[in-house]
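**Student:** Pasting in a structure now, in structure tokens, and then I'll have a few things to ask.
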Amino acid sequence: MLKKEYIKQSQESETLLIHELSRLKSNQGEDIIRFGFGQSPFLPIQSAINSLKDRVEHKEYVSVQGIEELREAVAAFHNHYDQINISADNVLIAPGSKILIYSIIASFDDADVFLVTPSWVSYEPQANLAKLPVTRLQTNFENRWRLLPSELERACEQRENKDRPIVMVFNYPGNPDGLTYTSEELAALTAVFRKYNILVISDEIYGFLNHKSEHVSLARYYPEGTIVTSGLSKWCGAGGWRLGVALLPTRIEEKLKKTMIGIASETYSCAPTPVQYAAIEAYQIGDDVESYLAHQRRILRLAGNYVWKTLSQAGINVHKPEGGFYLTLDFEPFRHVLNSKGIKTSKDICEALLSEKGVAMLPGSVFGYDQDILTTRLCYVDFNGVAAMKASEDLGQEKELPENFLQTYCPNVIEGSKRIADWVK
């Protein structure tokens, strides 16, 4: 019998757990608003769906780095829309960007991993699996949960071993906050990145879902030290297809690239071949993808702005979303009232809202906040994306979405917001 003390500890992702719990409660007849799981409600672009059907017979292994035609399409797509300069040789394809982020971190025998608080739930567990120390960079509501250059500089200067390389995971539009960085903010941070020779994994998986189509890639400011990760999960609605991409700098250390490919060859071998062929169609520059993205953005913008307005009017600290699917709710104004009811942690808030109002969210503690920081993540995509997309397309981009659009196609967004607002009253 194996002794448990010899087994590594790694818990299941909190996002997957809350999704399963919400599903079980719904199956038991409970009326649950699923604000906990960040899965795109939209179908993949039709050209990719058609290609996947046509290519399903491709069962062969392909290049570990990815099919060349796909890597060329990915490079051209990002070069065009992000205004960067990446070659197909420096594109890596994998079954999701999550494993790519891990493979970068795991390529180091020794490094300091810098993470912004808040940040996605899987970054820190990945660093733990790689046995690398994590330094948390703090933010606050007043600064819009944005990392300040002064905080980054302070963390760099306070390290015990200043010779150890720094690997930083940087994400925007953000999960869990839904906020982005301005060009000026990126330029200011870049000065610190460059000063300390920081390798930045810029997780821009939500970049093409910037609500105003104004995403600016960090690679434009810090091309020599940025690895951009993205994929089909969010902007193309294909989370279950598992197709991620990493865009390596032109002057990447060759040993790092070879190590990443080596990790890939010893773990996942290659991304699913039929999906890679389908992805070639998704990564085609043109009117089809631009229209597809424009309809998603305006639906998400409408839904996110509704939740923001409703909850901010209820007294919850929350910033207007700028991209992606998420809002970070800060219940600090209600601390005294909540504490009097025995609610003292972010997890307590989520448990109370689920049991009392049937609203599922994730506690801020899983995103790096201390337990007693009263924050939660709300994901406002509990709606039928197929119906919403068709209605938006039928209306045409030249016409605004009508006032009753959310009531008709996204009723849970309205209902869930009202339940939370009612709960804090």
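If you're matching positions, the sequence shown starts at 263 in our numbering and goes up one per residue. Idealized CB from N, CA, C, for every residue including glycine.
1. Using DSSP with H/G/I as helix, E/B as strand and the rest coil, what is R560?
2. For T452 and Y483, what's the separation of their Cα atoms in angstroms?
3. Using C-beta distances below 7 Å, list every residue in its chain close to L409, excluding the 5 sequence neighbours before and after it, in chain order.
4. Here's a check: name, in chain order, each residue in its chain whose Cβ is nearer than 7 Å to the Cβ of E322, leaving out the five neighbours to either side.
5. Consult DSSP for M623 and reduce its assignment to one of helix, strand or coil.
6. Taking only the alpha-carbon atoms, compute the straight-line gap between S679 and F299 and give it to the nearest angstrom.
7. Give a yes or no on whether the C-beta atoms belonging to V478 and L448 are separated by under 9 Å.
8. Assuming contact is defined by CB atoms lying nearer than 9 Å, are V336 and A541 in contact in what I supplied?
9. Give the DSSP-derived three-state secondary structure of M263 in the structure shown.
10. Could you tell me whether the region 381-392 touches the region 551-567, using the rule of 3 or more Cβ pairs below 8 Å?
11. Taking only the alpha-carbon atoms, compute the straight-line gap between C418 and E528 and give it to the nearest angstrom.
12. For the ligand COA, is there a heavy atom less than 8 Å away from the beta-carbon of Q575?
13. Classify G502 as helix, strand or coil using the three-state DSSP reduction.
14. Could you give the DSSP three-state label for N674: helix, strand or coil?
15. Is it the case that the Cβ atoms of I348 and T512 are separated by a distance below 9 Å?
16. Alpha carbon to alpha carbon, what distance is there between T488 and F667?
17. Might you give, ordered along the chain, the residues of its own chain that have their beta carbon closer than 6 Å to the beta carbon of Y468, omitting 5 neighbours on each side?
18. When the Cα atoms are used, what is the spatial distance from D592 to Y554?
19. Take V599 as the anchor and find which of F470, W685 and L471 has the nearest alpha-carbon.
20. What does a CB cutoff of less than 6 Å around P357 pick up in its chain, not counting 5 residues either side in sequence?
**Tutor:** Short version:
1. helix
2. 7 Å
3. If you ignore the 5 residues before and after L409, its C-beta comes within less than 7 Å of the C-beta of V378, L399, T401 and L451, all in its own chain and listed in chain order.
4. T535
5. coil
6. 16 Å
7. A contact, by the Cβ cut-off of 9 Å.
8. yes
9. In this prediction, M263 scores a pLDDT of 49, lower than 50, which makes its location untrustworthy; the coordinate-derived value is nonetheless stated afterwards. Here M263 sits in coil by DSSP.
10. no
11. 33 Å
12. Looking at this structure, you won't find the ligand COA or any other ligand, since it has none at all.
13. helix
14. helix
15. yes
16. Our two residues, F667 and T488, have alpha carbons roughly 40 Å apart in a direct line.
17. Closer than 6 Å at the Cβ level, and outside the excluded window around Y468, lie P435, K496, G585 and G586.
18. 33 Å
19. W685
20. R504, Y530 and A533
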